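In the working numbering, the protein residues as written are 336 to 878.
Don't be surprised by glycine CBs; every beta carbon is placed ideally from N, CA and C.
Since the structure is predicted, the reported quantities are computational estimates derived from the model, not experimental observations.
The next block holds one structure in the form of C-alpha cells; read it before the comments.
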Amino acid sequence: MNINMQVNQTPAPGKDADVIIVGGGPVGMGLAIELGQRGIRCIVVERYAKPQPIPKGQNLTQRTMEHFHAWGAEKQLRAARTIPPEYGIGGLTAYNTLLGSYSYDWLQRDLVKPYYFTANERLPQYATEAVLRDRAAELPSVETFYGWNFDTLEQDDGGVSVTVSEKNGSDRKMLRASYVVGCDGARSGVRQQAGITQTKTDHDRLMVLLVFRSQGLHKLLERFPGKSYYNVLQPELKGYWKFFGRVDLGNTWFFHAPVPPGTTADNFDFQAYLEDAVGAPFDVEFEHIGFWDLRFMLADSYRSGRVFIAGDAAHSHPPYGGYGVNSGLEDARNLGWKLAAVLKGWGSETLLDSYDQERRPVFRSTIDDFIAKSIETDHQFLDSFDPEKDRSAFETAWSQRASGAAGEVHAFEPNYEGSPIVRSAQTSAVGNCSAKGSHIFTARAGHHLAPAALGDGRNIFEHLGQGYTLLAADTPAQTLETFRYMADIKQLPLTIVETTKTDEFARYESDLILIRPDAFVAWTNSEKFLSNEDVENLLQVVA
336 MNINMQVNQT PAPGKDADVI IVGGGPVGMG LAIELGQRGI RCIVVERYAK PQPIPKGQNL
396 TQRTMEHFHA WGAEKQLRAA RTIPPEYGIG GLTAYNTLLG SYSYDWLQRD LVKPYYFTAN
456 ERLPQYATEA VLRDRAAELP SVETFYGWNF DTLEQDDGGV SVTVSEKNGS DRKMLRASYV
516 VGCDGARSGV RQQAGITQTK TDHDRLMVLL VFRSQGLHKL LERFPGKSYY NVLQPELKGY
576 WKFFGRVDLG NTWFFHAPVP PGTTADNFDF QAYLEDAVGA PFDVEFEHIG FWDLRFMLAD
636 SYRSGRVFIA GDAAHSHPPY GGYGVNSGLE DARNLGWKLA AVLKGWGSET LLDSYDQERR
696 PVFRSTIDDF IAKSIETDHQ FLDSFDPEKD RSAFETAWSQ RASGAAGEVH AFEPNYEGSP
756 IVRSAQTSAV GNCSAKGSHI FTARAGHHLA PAALGDGRNI FEHLGQGYTL LAADTPAQTL
816 ETFRYMADIK QLPLTIVETT KTDEFARYES DLILIRPDAF VAWTNSEKFL SNEDVENLLQ
876 VVA
C-alpha cells in the first residue's frame, strides 16, 4: 500500500489544527497516523507522558495488522513482540482447571489468514502504543501533547475549542480545530461534554485484573506448547471466565476473572484463586492488583456535530475474545479517511455520517452475536453438563464444542452491507451493517477485500492508494478513461490498477472492483462498458 505522506495542509485561519484527538492510546494514535499520512494537521492530547505498563489489548487480528501495514508500522510492531516469534500465539479453553482432563484449542484466528493480507500478532498494549508513538513522531503533521489533561470543549458552526492543562504543571492552553475526536476511554470526558448518551448493560460482576510473575506457571503449562492465553470454565462462575495470558515467555502473566462484591486488594486470597484455576500450586509474585466493573456500553451515537468518539469512548465490553482494541482501531481507520476526505474537499457530510451508520451497528452485533452470546452459551453448557454426573454426555458435548471452536471464528466478519456509501447489486436497507458474516474470496460490496496476487506478481494490497482504488481486469480503455474523467471532475483521488485475470483475481468473481481507502469493497461489476452517467452516479454514492 502507498503510505507516502502527502504535502502538509495548513489549518484554516484561527485554528491550531484540523483535528484534535483526545486520548493517545492505540486508537487515538492510530487515528493520528491515518490522518497524518494524508497531510491532515492534528493534535493528540494524552494525559500520560509514557504508555502505562498494564498488559491488556494483546491479541491483534489479521485485519488489525493490515492497519499497521498501511500505517508503515507493521515491521516495527512485530519487532516489539514480547513473546518469541517461533512461539505460537494460540489459545486454549479448559474445563474446571487448566491441568484437568478436558481442554481444546480456542480462537484459532490463523484459520482465516488466507482472507487477509497480513498475519495476526500478539503483544501487550503498552508495546503497541510505543510503536504507534514512534510512527506518529515521524509525521510532521502530527503534534502531540503528552502529559496533558483534556478539560473542556465547546463547539460552534465553525469549529471546536478545547481547553487542556498540564497534568503535573500549571500551564493551560486553548486549542481550536475543525473537528474533535474523543478516544479517551470508557469514561470519556469528550463523550460526556458533547452530550452523547450511552446505553449500558450491567452484568453485575466485579472483575479483578492481576499482573504477576511466575516461572512455575510456565513450567506447569509447558504441556500446552505454542499457547499464549488460556480461559477456564468453572460451573460456579456461570459462563464467565478465569482468563490467563502471557505477557512474555516464561515469567510474566496477567489474569482476570469475576470476584465477589466488596473484594479489595487486601481482603481476598488471590494466590488461592489462581491455583484453583490452574489445578496446582505455583509461585506468584504480584505486580498489580486492580478492579473494574464488567458491563457492556454502547454510545447512542458516535457523532455530535463536529465531535466524534471512537474506541472505548464509543463502546466497551468485557475483554472476551480480543474484540476491544481491534474494534477501536477499525473505528480509527474508518473515521480517519472520511475526515480527511471532507477536510480535503472531496468528501460529503453523508460520508461523515456513515461512520456512525457503519461502525455502531457492527459493535451492537459484536456484543449481541459474539460476546454476550458466548457468555450465555458457556453458562448453558455448564448448567447442562457435568462429568461427575454423566461423563458420557459431558464428553460428547465437550467434543462438539471443540469441533466448533474454529467455526465460530469464521462467523466474525464485520461488514457494511446496507451502508449508504456502498453500492451493491443486491439492494439492502441502510442499517444492515453487522459483525456476522462469512469469509469468502468473492468481492462483495460492503465487505473486506480478500488479498490476491495480480498479473505483475504483487498483491493488490501493495497497490492500494490513499484514496479509492479501481481494480480492473482486462477492462476496455474507454471504461477506465471514463473513471479517470469523472473522478477528476469530482476531485476524488482514484488509483487505477490494471491487471490480467489471474487465478487469484478470478476468485473475486468481478472484473471491476472499487475499493475504499480502508480496503473495504465499495462496488463491483463485470460489465465491460460504463457510461459517464453510470460512473457519476456511482462516485456520487461512495463519496
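- With contacts defined by Cβ atoms closer than 7 Å, residue 672 and residue 827 do not form a contacting pair.
- Burial check for residue 400: the Cβ neighbour count within 10 Å reaches 16 or more, so the residue is buried.
- Every alpha helix (DSSP H) stretch that sits fully inside the region 361-431 and reaches 4 residues is listed by chain position as 361-371, 397-405, 409-414.
- Residue range 460-472 is occupied by the alpha helix (DSSP H) that includes residue 463.
- Take residue 544, set aside five residues on each side of it, and the residues of its chain with a beta-carbon closer than 8 Å to its own are 389, 391, 589, 590, 591, 623, 624, 625, 626, 627, in chain order.
- Going by C-alpha positions, residue 868 is about 11 Å away from residue 818.
- If you check the CB distance, residue 603 and residue 549 do not come in under 7 Å.
- Per the C-alpha coordinates, the member of 489, 501, 492, 488 positioned closest to residue 481 is 501.
- Under the DSSP assignment, residue 696 falls outside any beta strand (DSSP E), being part of the alpha helix (DSSP H) whose first and last residues are 684-701.
- Counting only the Cα atoms, residue 585 lies some 48 Å from residue 641.
- In this model, residue 459 and residue 402 are separated by some 17 Å (Cα to Cα).
- The three-state reading of DSSP puts residue 547 in strand, counting E and B together.
- Within the DSSP secondary-structure output, residue 783 pairs in a beta bridge with 855.
- With fewer than 16 other CB atoms across the displayed protein chains lying within 10 angstroms of its CB, residue 507 is exposed.
- Where residue 627 is concerned, the enclosing beta strand (DSSP E) starts and stops at 620-634.
- Within the same chain, Cβ atoms closer than 6 Å to the Cβ of residue 453 are found at 397, 400, 401, 404, the five residues on either side in sequence being excluded.
- Closest in alpha carbon position to residue 846, among 495, 651, 747, 832, is 832.
- Assigned with DSSP and collapsed to three states, residue 830 falls in strand.
- The criterion of a C-beta distance shorter than 7 Å is not satisfied by residue 702 and residue 636.
- Three or more Cβ pairs closer than 8 Å define a contact, and the region 690-697 meets that threshold against the region 661-670.
- Judged by DSSP in its simplified three-state form, residue 591 adopts strand.
- DSSP places residue 586 in the coil class of the three-state scheme, outside both helix and strand.
- Distance from residue 850 to residue 857 at the Cβ level is roughly 7 Å; contact confirmed, criterion being Cβ atoms closer than 8 Å.
- When DSSP states are grouped into helix, strand and coil, residue 757 belongs to the coil group.
- Taken in chain order, the complete alpha helix (DSSP H) segments of 4 residues or longer contained in the region 505-539 are 524-528.
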